[in-house]
Amino acid sequence: MEGRVIAGINNIYTVQVNNELWTCRIKGKILKDDRKYYNPIAVGDEVQFITNDYQHHDGWIVSRKERKTSLLRWNKNRKAPQVIAANSDLHICITSTESPPFRPRFLDRLILSGEIGKMETLIVVNKVDLGMTDFIKERIDNFKSMGYRVFLCSASDGRGIKKLKRYLSGRVAVFTGQSGVGKSSLLNKLDDRIKAVVGMISRKYNRGSHTTNSSRMYITDDKTNIIDTPGLRELEIYGIEPEELSFYFPDIRKYTYECQYPSCRHLQEPGCAVINAVKAGGIHKDRYLSYTSIYEQMDKNRREMYGRA
Ligand SMILES: Nc1nc2c(ncn2[C@@H]2O[C@H](COP(=O)(O)OP(=O)(O)OP(=O)(O)O)[C@@H](O)[C@H]2O)c(=O)[nH]1
Ligand SMILES: [Mg+2]
Ligand SMILES: [Zn+2]
Numbered sequence: 000m001e002g003r004v005i006a007g008i009n010n011i012y013t014v015q016v017n018n019e020l021w022t023c024r025i026k027g028k029i030l031k032d033d034r035k036y037y038n039p040i041a042v043g044d045e046v047q048f049i050t051n052d053y054q055h056h057d058g059w060i061v062s063r064k065e066r067k068t069s070l071l072r073w074n075k076n077r078k079a080p081q082v083i084a085a086n087s088d089l090h091i092c093i094t095s096t097e098s099p100p101f102r103p104r105f106l107d108r109l110i111l112s113g114e115i116g117k118m119e120t121l122i123v124v125n126k127v128d129l130g131m132t133d134f135i136k137e138r139i140d141n142f143k144s145m146g147y148r149v150f151l152c153s154a155s156d157g158r159g160i161k162k163l164k165r166y167l168s169g170r171v172a173v174f175t176g177q178s179g180v181g182k183s184s185l186l187n188k189l190d191d192r193i194k195a196v197v198g199m200i201s202r203k204y205n206r207g208s209h210t211t212n213s214s215r216m217y218i219t220d221d222k223t224n225i226i227d228t229p230g231l232r233e234l235e236i237y238g239i240e241p242e243e244l245s246f247y248f249p250d251i252r253k254y255t256y257e258c259q260y261p262s263c264r265h266l267q268e269p270g271c272a273v274i275n276a277v278k279a280g281g282i283h284k285d286r287y288l289s290y291t292s293i294y295e296q297m298d299k300n301r302r303e304m305y306g307r308a
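Under numbering that gives the first Met the number 0, the first residue of the sequence shown is numbered 0, with each subsequent residue one higher.
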C-alpha cells in the first residue's frame, strides 16, 4: 500500500491512505542514503508499506519515494542531519513582534534552510496586535527589498488570517519558527475544526514553552496541507557548502561578482565588494552578521566531520 506520513513519534508513524489512517513501523533499511539521517522518515514523506494487521490498520514501511523538497537542519546533539518536513512546497517562516521578541537573525536561518530545501519562502510576522516598533518595520522593509513576501498577522485579533488562508489554499505548507511565536495558534485560525494545542509564554523568560512536541500534518477544509512543527531552539544549516552560502543571500549575492578574488569568502579578504557594501550601507549589518556566523558554523561542522583539510 501507499500513503503519506502525517505524524511520527518514537519511530511509529501515522500514514494516511485516502481517508484511512495506518500505524506503521519501519522494516529494515528504507534507503541506503537514509543511514546518515537522524530520522529516515519525516512528516510529508510518501511511503510504501505492507500490511501487518489489516483489521487494526497496522503495517510496516518498506520504502519511501524520493522527496521533492526537504527542510533539513543539522542536529547538533546527534551529529546528523534531521529532516523537519518533506515534500512541502511552501515554507512559512513565522516570527512574532513581541513575546518572544522579533529575532531577524533567526529568520535569516529559517529562510535559508527552506531555500536550500527548494521551497518557496513566505515570512509571517505574527502578534502584530502587540505593536510594531520602528526596528521591526525597518527589518521587514529590508526583507521585502530582497524580494521576500511578508504577511503581517495576528492569531489573536484575526488580522491577516484571510489573506494567509487564501495564499496557502491547495498547497502543502510547513510552519516553522521559535517556540511561542504562534504557529499552532495561526493554524487553529485557518480552520475551526483544527484544534492544535497552544502553550503559554513564560513571563520570566518571555519565550514559549515548547508546546508542540512533534511535527504533524493537518488538512484544512479547502484541501490545504499544513505541517505544524515544534519550536526550534536553534537552527544549524545543513545541505550546502559554506562556499555556496553567499548565493542564498540575495542581498549579498549581487555584490559577489565585484570581489577582487573569484574565490572570495567575503569574510576578511582584501578588495571584497561585500564587505565594502556592508560599510556603505548596501547590505544590512545584521544580514552580514548572519552570513559570517553561519559560514563559520558550517565550516566548523565540516572540519569536525572530515578532519582538517
Ligand atoms: N497577543 C498575541 N498572542 C498570541 C498570538 N498568537 C499566539 N499568541 C499566544 O502565544 C502563545 C504561544 O502560542 P502557540 O501557538 O502555542 O505557539 P507555537 O509557535 O505553536 O509554540 P510551540 O508549539 O511551543 O513551538 C499562546 O499563549 C498564544 O495565545 C497573537 O497573534 N497575538
Ligand atoms: Mg505549537
Ligand atoms: Zn568578497
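Even glycine gets a Cβ: it sits at the ideal position worked out from N, Cα and C. Quick caveat: nothing in here was measured; it's all calculated off a predicted structure.
Open item on the list: Using a Cβ-based criterion (distance less than 7 Å to any ligand heavy atom), does S183 qualify as near ligand 2?
Closed with: As a working mapping, residue 183 is identified with position 184 in the sequence shown. Answer for S183: yes, Cβ within range of ligand 2.
Open item on the list: Quick check: what's the CA-CA separation for G280 versus T13?
Closed with: For the purposes of this step, residue 280 is identified with residue 281 of the sequence shown, where counting begins at 1. For the purposes of this step, residue 13 is identified with residue 14 of the sequence shown, where counting begins at 1. Roughly 50 Å between the two C-alpha positions.
Open item on the list: Considering only heavy atoms of ligand 5, does any lie closer than 7 Å to the CB of D227?
Closed with: Because ligand 5 does not appear in the structure shown, any question about it cannot be addressed here, the ligands present being ligand 1, ligand 2 and ligand 3.
Open item on the list: Within a Cβ cutoff of 7 Å, which residues of the same chain sit near I40, ignoring the five residues on either side of it in sequence?
Closed with: Within the sequence shown, residue 40 is the residue found at index 41, counting from 1. For I40, where only same-chain residues beyond five positions count, the Cβ hits under 7 Å are V4, G7, Y12, I25, I29, V46, I60, R63.
TODO: Just mark I200 as buried or exposed, buried being the case when its beta carbon has 16 or more other beta carbons within 10 Å.
DONE: Locating residue 200 in the sequence shown gives position 201, where the first residue counts as 1. Buried, because 16 or more other Cβ atoms sit within 10 Å of the Cβ of I200.
Open item on the list: Under 7 Å: does the beta carbon of V197 sit that close to some heavy atom of ligand 1?
Closed with: As a working mapping, residue 197 is identified with position 198 in the sequence shown. For ligand 1, at least one heavy atom lies less than 7 Å from the Cβ of V197.
Open item on the list: If I measure Cβ to Cβ from E51 and keep anything under 8 Å in the same chain, skipping five residues before and after, which residues do I get?
Closed with: As a working mapping, residue 51 is identified with position 52 in the sequence shown. Position check: residue 51 holds Asn in this sequence, whereas Glu was assumed. When the five nearest sequence neighbours on each side are left out, the beta carbons in the same chain lying within less than 8 Å of the beta carbon of N51 are those of D57, G58, W59, in order along the chain.
Task: Straight-line gap, A308 to P241 (C-alpha atoms, nearest Å) - done: One-based indexing of the sequence shown puts residue 308 at position 309. One-based indexing of the sequence shown puts residue 241 at position 242. Per-residue confidence for A308 stands at a pLDDT of 48, beneath the threshold of 50, marking its modelled position as unreliable; no derived number is given.
Open item on the list: Suppose you measure from the CA of N300 to the CA of R170; what does that come to, to the nearest Å?
Closed with: Translated into positions along the sequence shown, residue 300 becomes position 301. Translated into positions along the sequence shown, residue 170 becomes position 171. One alpha carbon belongs to N300, the other to R170, and they sit about 34 Å apart.
Open item on the list: Measuring only from the beta carbon, is T22 closer than 7 Å to any heavy atom that is part of ligand 2?
Closed with: Here residue 22 corresponds to residue number 23 of the sequence shown, with the count starting at 1. Not so, every heavy atom of ligand 2 lies at least 7 Å from the Cβ.
- [ ] Quick one: grab the DSSP three-state call for S289.
- [x] Taking the first residue of the sequence shown as position 1, residue 289 is located at position 290. Residue state, collapsed to three classes: helix.
Task: Minimum C-alpha distance to P99 - residue among L89, I115, V127 - done: Here residue 99 refers to the residue found at position 100 when the sequence shown is read from its first residue. Across the set L89, I115, V127, the C-alpha of V127 shows the shortest separation from the C-alpha of P99.
- [ ] Could you tell me if V196 is buried or exposed, where buried requires 16 or more neighbouring beta carbons within 10 angstroms of its beta carbon?
- [x] The residue given as residue 196 occupies position 197 in the sequence shown. With fewer than 16 Cβ atoms within 10 Å of its Cβ, V196 is classed as exposed.
Task: Contact test: I200 Cβ vs ligand 1 heavy atom, cutoff 7 Å - done: Along the sequence shown, one-based indexing puts residue 200 at 201. Judged by the Cβ position, I200 qualifies as a neighbour of ligand 1 at the 7 Å threshold, a heavy atom of the ligand being closer than this.
- [ ] Check whether the Cβ of T94 lies closer than 7 Å to any heavy atom of ligand 2, and answer yes or no.
- [x] Within the sequence shown, the letter at position 95 stands for residue 94. At a cut-off of 7 Å, the beta-carbon of T94 does not count as near ligand 2: no heavy atom of the ligand is closer than that.
Open item on the list: Just to confirm the assignment: which complete beta strand (DSSP E) runs, minimum length 3, are found wholly within the region 205 to 266?
Closed with: The region 205 to 266 contains these whole beta strand (DSSP E) runs: 215 to 218, 224 to 227.
TODO: Quick one: residues with CB closer than 5 Å to any heavy atom of ligand 3, in chain order, please.
DONE: Sorted by chain position, residues whose beta-carbon lies closer than 5 Å to a non-hydrogen atom of ligand 3 are C258, C263, H265, C271, V273.
Open item on the list: Does D227 pass the burial test, meaning 16 or more other C-beta atoms within 10 Å, or should it be called exposed?
Closed with: The count along the sequence shown starts at 1 and reaches residue 227 at position 228. Buried: at least 16 other Cβ atoms inside 10 Å.
Open item on the list: Beta-carbon within less than 7 Å of E114's beta-carbon, same chain only, minus the 5 sequence neighbours each way: which residues are those?
Closed with: Counting from one through the sequence shown, the residue named residue 114 turns up at place 115. A distance below 7 Å between beta-carbons, with the five flanking residues on each side excluded, links E114 to the following residues of its chain, in chain order: T120, Y247.
Task: CB-CB length for G43 against S87, believed under 8 Å - done: Position 44 of the sequence shown, counting from 1, holds the residue named residue 43. Position 88 of the sequence shown, counting from 1, holds the residue named residue 87. For G43 against S87, the beta-carbon gap comes to about 6 Å, under 8 Å, which counts as contact.
Task: Backbone CA spacing between P249 and R202 [nearest angstrom] - done: Counting from 1 along the sequence shown, the entry for residue 249 is found at position 250. Counting from 1 along the sequence shown, the entry for residue 202 is found at position 203. Rounded to whole angstroms, P249 to R202 spans 37 Å at the Cα level.
- [ ] Using three-state DSSP, classify Q296 as helix, strand or coil.
- [x] Against the sequence shown, residue 296 aligns to sequence position 297. Helix.
- [ ] Go ahead and label N76 buried or exposed: buried means 16 or more other beta carbons lie within 10 angstroms of its beta carbon, across all protein chains shown.
- [x] As a first step, residue 76 is located in the sequence shown; it is residue number 77 there, counting from the start. Flag for N76 reads exposed.
Task: Residue burial classification, P103 (beta-carbon count within 10 angstroms, cutoff 16) - done: On the sequence shown, residue 103 is found 104 positions in, with the first residue counted as 1. Its Cβ being crowded by 16 or more others within 10 Å, P103 is buried.
Open item on the list: Any contact between the region 141 to 161 and the region 173 to 188? By contact I mean 3 or more CB pairs, one from each, below 8 Å.
Closed with: Contact between the region 141 to 161 and the region 173 to 188 is present, because at least three Cβ pairs lie under 8 Å.
- [ ] Use the C-beta contact count for S289: other C-beta atoms within 10 angstroms, 16 or more gives buried, fewer gives exposed.
- [x] Looking up residue 289 in the sequence shown gives position 290. Buried is the call here.
TODO: Provide the residue(s) that pair with I93 in DSSP beta bridges, ordered along the chain.
DONE: Within the sequence shown, residue 93 is the residue found at index 94, counting from 1. Its beta-bridge partners are V123.
Task: Buried or exposed (CB count within 10 angstroms, at least 16 for buried), K188 - done: Here the question's residue 188 lines up with position 189 in the sequence shown. Residue burial annotation: K188 is buried, with at least 16 other C-beta atoms found within 10 angstroms of its C-beta.
Open item on the list: Can you list, in chain order, the residues of its chain with a C-beta nearer than 8 Å to that of R158? Leave out the 5 residues immediately preceding and following it.
Closed with: Taking the first residue of the sequence shown as position 1, residue 158 is located at position 159. Once the five neighbours on either side are set aside, the close Cβ partners of R158 are V127, D128, L151, C152.
- [ ] Can you give me the start and stop residues for the beta strand (DSSP E) that N51 sits inside?
- [x] Here residue 51 refers to the residue found at position 52 of the sequence shown. In the DSSP assignment, N51 falls within the unbroken beta strand (DSSP E) covering 45 to 52.
Open item on the list: In whole angstroms, give me the CA-to-CA distance for N17 and M0.
Closed with: For the purposes of this step, residue 17 is taken as residue 18 along the sequence shown, with counting starting at 1. For the purposes of this step, residue 0 is taken as residue 1 along the sequence shown, with counting starting at 1. Each residue's alpha carbon lies about 11 Å from the other.
Open item on the list: I'd like the ranges of any alpha helix (DSSP H) spanning at least 4 consecutive residues and lying wholly in the region 140 to 173.
Closed with: Complete alpha helix (DSSP H) runs here, min 4: 160 to 167.
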